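See below for the structure under consideration.
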Amino acid sequence: MNSVKLILLFFIGLVCFHAGASGTVVRNGGDPLFHFLEATRSAMIETLNIIKLDPSEKDGFCRLKNLNDQQSSFCRDFVLQIAEQLLRLNQQNDKTKFVLKENPLIVSGPDGRPMSVAARTELGASGVIEFHRDSIKLMAPAQILFLITHEFQHKVSFQNRFVTDNEVIGPFASGRELLDSVAVALVEVAKRRGKIGAQYELRDTFDCQIYDGAGRSGSIVSSPRMFLNDALSSYQTSMGRTPLDGGPYVPEYSGARLIFRMQISESGNCSEQNFYASRRKTELAIVRVHAPDGDGRVQPEEVLANQVLEGFNPICDKERKPFGLSHDGVQFTCNYYGSSGRTSTSL
Ligand SMILES: [Zn+2]
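Here it is in structure tokens:
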């Protein structure tokens, strides 16, 4: 496995006019790690389908350097037998839930003594998969994919039973070695086929309406969230922060437009503790910006209206209150729509 990598993302200012193209939009302002886990679940499903449907991936699966021929073929037969069950556990409406825990997760180790793990689940199809938040918060997508692929294999039946970590199984000295081999092989396919990227990315999506006197229009704005600490609890997300960012706007006379600028600052992952709630804010402005003239000169921007909503972060707001600003008959109003995680391969 790769060493732990920082997954801080600094996609400053890139805002696109489309809702997240992949990944599941979750309609809450939940922990970013949930969105990352869901993006990784999607990568696992897509990779399982490749292994199932692509004859060369199927034949070559589990050919790992550290396995002998007997282990490789056992590992491959095992996956082909459980693939359907794995996919069923991840079907939309009835999928295995993920739970984040603050406290260490303890399981019984190979020597029978308790040991702390990053993830655990009960044997069998029912029950959630638990993750220790501090253990996974800085893991690279490939490491999380490894982890969830290992855990899901505890939830499917093989030869009428469930595989435990510490039993001898086929040519493998322990269930753990078998499940880890499958997970390593799946991660390898996912990387090679572009199903898992090197980092996580989270986008916050806003649904904005613009009234400009003549009529109304709308735009969906999807902004990359910029994390400011390793715990992924402090972040900024914005639209229209620079003239080149995306975001709702109204064209004016030639070369000028009114843009709606928003910047959310969050330091406590939507915690209701006063320390964090009092530092939370959303800054709004309507700004006139000008396009460069023929000589490349740009007139300075003019801030026409602004407001700071202290203690308010639309991502955390359970009532989903709209926020906006108006100036001289032009009104911008936005709602937080949802957040969506995915992995990306490039910075
Ligand atoms: Zn295990």
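The sequence shown begins at 1177 in the numbering used here and counts up by one. Backbone N, C-alpha and C fix where the C-beta goes; we use that ideal spot for every residue, glycine too. Here the structure is a predicted model, which is why all the values come from computation and not from measurement.
- Using a 10 angstroms sphere on the CB of Ile-1282, the tally of other CB atoms stays under 16, which defines it as exposed.
- Around the CB of Glu-1448, fewer than 16 other CB atoms lie within 10 Å, so the residue is classed as exposed.
- Counting the other Cβ atoms within 10 Å of the Cβ of Arg-1417 gives 16 or more, which makes it buried.
- The residue among Ala-1467, Glu-1442 and Gly-1389 with its C-alpha nearest the C-alpha of Arg-1456 is Glu-1442.
- Of the heavy atoms belonging to ligand 1, none sits nearer than 7 Å to the Cβ of Leu-1262.
- By the neighbour-count criterion, in which 16 or more other beta carbons inside 10 Å mark a residue as buried, Arg-1289 falls on the exposed side.
- Between Asn-1511 and Asp-1383, the C-beta gap is smaller than 8 Å, which places the two residues in contact.
- A distance criterion of 7 Å places the beta-carbon of Asp-1341 in contact range of ligand 1, judged by its closest non-hydrogen atom.
- Three or more Cβ pairs closer than 8 Å define a contact, and the stretch 1230-1249 falls short of that threshold against the stretch 1303-1319.
- A distance criterion of 7 Å places the beta-carbon of Arg-1368 beyond contact range of ligand 1, judged by its closest non-hydrogen atom.
- Counting only runs of 3 or more residues that sit fully inside the stretch 1486-1523, the beta strand (DSSP E) segments are 1499-1503 and 1506-1520, in chain order.
- Below 8 Å, enough C-beta pairs join the stretch 1386-1405 and the stretch 1418-1436 to call them touching: three or more.
- For the pair of segments examined, the stretch 1339-1350 was found not to touch the stretch 1311-1323: the number of CB pairs separated by less than 8 Å stays below three.
- In this structure, Leu-1299 has its beta carbon at no less than 7 Å from each heavy atom of ligand 1.
- Relative to ligand 1, the nearest heavy atom lies less than 7 Å away from the CB of Leu-1355.
- Look at Arg-1352: its beta carbon is less than 7 Å from one of the heavy atoms in ligand 1.
- Taking the Cβ atoms as the reference, Ser-1232 lies roughly 38 Å from Thr-1381, outside the contact range of under 8 Å.
- About 27 Å separates the CB atoms of Thr-1519 and Ala-1301; that is not less than 8 Å, and the two are not in contact.
- Going by DSSP, Asp-1421 is part of no beta strand (DSSP E) at all; its letter is neither H nor E.
- DSSP places Met-1315 outside any beta strand (DSSP E), giving it a letter other than H or E.
- In this structure, DSSP gives Gly-1351 a helical state, which the three-state scheme calls helix.
- At a Cβ-Cβ threshold of 8 Å, Val-1358 and Phe-1254 count as neighbours.
- Counting C-beta pairs closer than 8 Å gives three or more between the stretch 1429-1439 and the stretch 1465-1475, which meets the contact rule.
- Rounded to the nearest whole angstrom, the C-alpha separation of Asn-1450 and Thr-1458 is 16 Å.
- Secondary-structure assignment with DSSP links Tyr-1452 through no beta bridge to anything.
- Distances taken from the Cβ of His-1308 to the heavy atoms of ligand 1 include none shorter than 7 Å.
- Across the structure, Arg-1473 and Asn-1482 are spaced so that their CA atoms are roughly 26 Å apart.
- When distances are taken from the beta-carbon of His-1211 to the heavy atoms of ligand 1, even the shortest one reaches 7 Å or more.
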